[in-house]
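Enquirer: Mind having a look at this structure? Questions to follow.
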């Protein structure tokens, strides 16, 4: 490797990506805290990724729906309420001259969005692309506002349009990044700013096609943006700042006694994110895993809490179980056919049905003559069932829930599965999946029993035995 390339890699490895969620910029006090966090935890070369203000994206989608239904005036009224929030924050946090510049940006955004509302009402064939354009303004405005707030606090910043960094395909609403193009453009945009000792501030969730058309990465995609930027820059660490002190042992809305987990492996974090842990986007771990970059989940309301460190090191907890995740709104499909017996190509034909309808399958189990699988999104269910009937007898079980018990060592620790199922022995389990991953045991139950099951499992594995003191999991002496 050339000397200048070595110097670039060394410099980029000193970069820290800090992502702030909507609750971390929800009001003036929250925005003011962000400046202290960046200064204290961002290291010598911080990059900031920010979500839209809390509730902003939901409001923009509501505006888009109203406009598509022909109520452009109603969409504009909803928009004014949200832009007024930005105005109030600017007035509270910025000097009058800086605030005036941001007010001008808000006026341009209002004009642009009003034009988009009119197009939504008359051009339904472009609805998905226009909706992404509307939704993008949440992050575009929050990035500009936060950059100005950080500058007012003495941090030299530069607002970056994330659409100049992250490149995707044209799957509007859930676009898929193109890693090579994203890395090239991200480095071209951000490295000169970092070299000039500026703090780049860019919105998460938003991207663009190679032709420059606005796309979005799916709800919760700001984590994914941070991971893509971190991977492109070969960052020292990616920090996800949210409103809880790390990944918890269970959903605190179900288990009030849930507690933060000091350390997770990449595999554990990926399983928890996919099966319902709300502090991480399901896709956010993969870019970090590919580059071996630690991910730290921190609480912007309590920045001194240690949070959760996610890295490559497996950390086996006594009893093997680290956390219990769950997902509701699940439908189970079972296809029974004697054609499976001794045949090849059956499973391919079955999964091609789901591919045609762009429907994800969560859990799969098979026997000699049947396949059972779960779907979270059942919008295309009638069409899917109709096609599957050509392969065999199809039964549908709605109102189910997935429970996922996660931990390094689950596969190799004797007695864990027995303990899990003896704990919930009064709850019927309709589907079990173990072995596909070394770190989880997944099963399906009736949705109205899921709260009870998760509470019983959490009590058995976390509340009836001493909890080991968390080790220092900081990398390079860093902490949240």
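Numbering (my numbering), first residue to last: 157 to 636. We treat Cβ as the ideally placed atom computed from N, Cα and C, and that holds for glycine. Small disclaimer: the values here were computed from a predicted structure and weren't measured.
1. For my contact list, residue 124 and residue 212 are in at a C-beta cut-off of 8 Å; report their separation, rounded to the angstrom.
2. So what does residue 171 bridge to, in DSSP terms?
3. For the putative contact between residue 180 and residue 456, defined by C-beta atoms under 8 Å, what is the C-beta separation to the nearest angstrom?
4. Alpha carbon to alpha carbon, what distance is there between residue 558 and residue 307?
5. Is the beta carbon of residue 331 closer than 9 Å to that of residue 342?
6. What are the boundary residues of the alpha helix (DSSP H) that residue 443 is part of?
7. Among all the DSSP beta bridges, which residues are the ones paired with residue 206?
8. Going by DSSP, what residues sit across from residue 416 in a beta bridge?
9. Taking Cβ to Cβ, would you say residue 412 is nearer than 9 Å to residue 402?
10. Which term fits residue 568, buried or exposed, when burial requires 16 or more other beta carbons within 10 angstroms of its beta carbon?
11. Could you tell me whether the Cβ atoms of residue 483 and residue 562 are closer together than 9 Å?
12. May I ask which residues mark the beginning and end of the alpha helix (DSSP H) holding residue 582?
13. Quick one: using the 10 Å Cβ neighbour count with 16 as the cut-off for buried, is residue 298 buried or exposed?
14. So which of 532, 519, 175 and 526 has the shortest CA-CA distance to residue 487?
15. Check whether the segment 377 to 395 and the segment 434 to 453 are in contact - that is, three or more C-beta pairs closer than 8 Å.
16. Span of the beta strand (DSSP E) holding residue 450?
17. Considering just the uninterrupted stretch of the alpha helix (DSSP H) at residue 603, what are its terminal residues?
18. Is the separation between the beta-carbon of residue 396 and that of residue 321 shorter than 9 Å?
19. Could you check what DSSP says for residue 556 in three-state terms: helix, strand or coil?
20. In chain order, which alpha helix (DSSP H) runs of at least 4 residues are fully inside the segment 466 to 496?
21. Give the C-beta separation of residue 357 and residue 387 to the nearest angstrom, bearing in mind that I take them to be a contact with Cβ-Cβ under 8 Å.
22. How would you label residue 546, buried or exposed, when you count the other beta carbons within 10 angstroms and need 16 or more for buried?
23. Would residue 615 be called buried (16 or more neighbouring beta carbons within 10 Å of its own) or exposed?
24. In whole angstroms, give me the CA-to-CA distance for residue 350 and residue 201.
25. Compute the Euclidean distance between the alpha carbons of residue 517 and residue 392, then round it to the nearest angstrom.
26. Contact check, residue 292 vs residue 372 under 8 Å by CB: the rounded distance?
27. Count the other C-beta atoms from every protein chain shown that fall within 10 angstroms of the C-beta of residue 596, then say buried if there are 16 or more, exposed otherwise.
28. With burial defined as no fewer than 16 other Cβ atoms inside 10 Å of the residue's Cβ, what is the status of residue 508: buried or exposed?
29. Can you pull the DSSP bridge partners for residue 529?
30. Please name the residue or residues paired with residue 182 in a DSSP beta bridge.
31. Check whether the Cβ atoms of residue 276 and residue 265 sit closer than 9 Å, and answer yes or no.
32. Give the DSSP-derived three-state secondary structure of residue 394 in the structure shown.
33. Which residues in the same chain have their Cβ closer than 8 Å to the Cβ of residue 426, if we skip the five residues on either side of it in sequence?
34. Grab the span of the alpha helix (DSSP H) containing residue 220 for me, first residue to last.
35. Rounding to the nearest angstrom, what Cα-Cα distance links residue 540 and residue 504 in this structure?
36. Taking residue 598 as the reference, which of 352, 529, 394 and 354 has the closest Cα?
Expert: With the structure as the only source:
1. Here the chain covers residues 157 to 636 and nothing more, so residue 124 does not appear.
2. 201
3. 4 Å
4. 46 Å
5. no
6. 441 to 447
7. 176 and 359
8. Beta-bridge pairing links residue 416 to 404.
9. Against a cut-off of 9 Å, the Cβ pair of residue 402 and residue 412 comes out as no contact.
10. With fewer than 16 other Cβ atoms inside 10 Å of its own Cβ, residue 568 counts as exposed.
11. No, they are not a contact pair.
12. First-last for residue 582: undefined, no H or E at that position.
13. buried
14. 532
15. Counting Cβ pairs under 8 Å, three or more are found: they touch.
16. From DSSP, residue 450 is part of no beta strand (DSSP E); its letter is neither H nor E.
17. Where residue 603 is concerned, there is no enclosing alpha helix (DSSP H), given that its DSSP letter is neither H nor E.
18. No.
19. Correct three-state label for residue 556: strand.
20. none
21. About 19 Å separates the two Cβ atoms, so there is no contact after all.
22. exposed
23. exposed
24. 6 Å
25. 34 Å
26. 7 Å
27. buried
28. Residue 508 comes out exposed.
29. 489 and 520
30. DSSP output for residue 182 lists no bridge partner at all.
31. Going by beta carbons, residue 276 and residue 265 fall outside the 9 Å limit.
32. strand
33. 438, 441, 442 and 445
34. 212 to 224
35. 15 Å
36. Taking residue 598 as reference, the option from 352, 529, 394 and 354 with the minimal CA-CA separation is 529.
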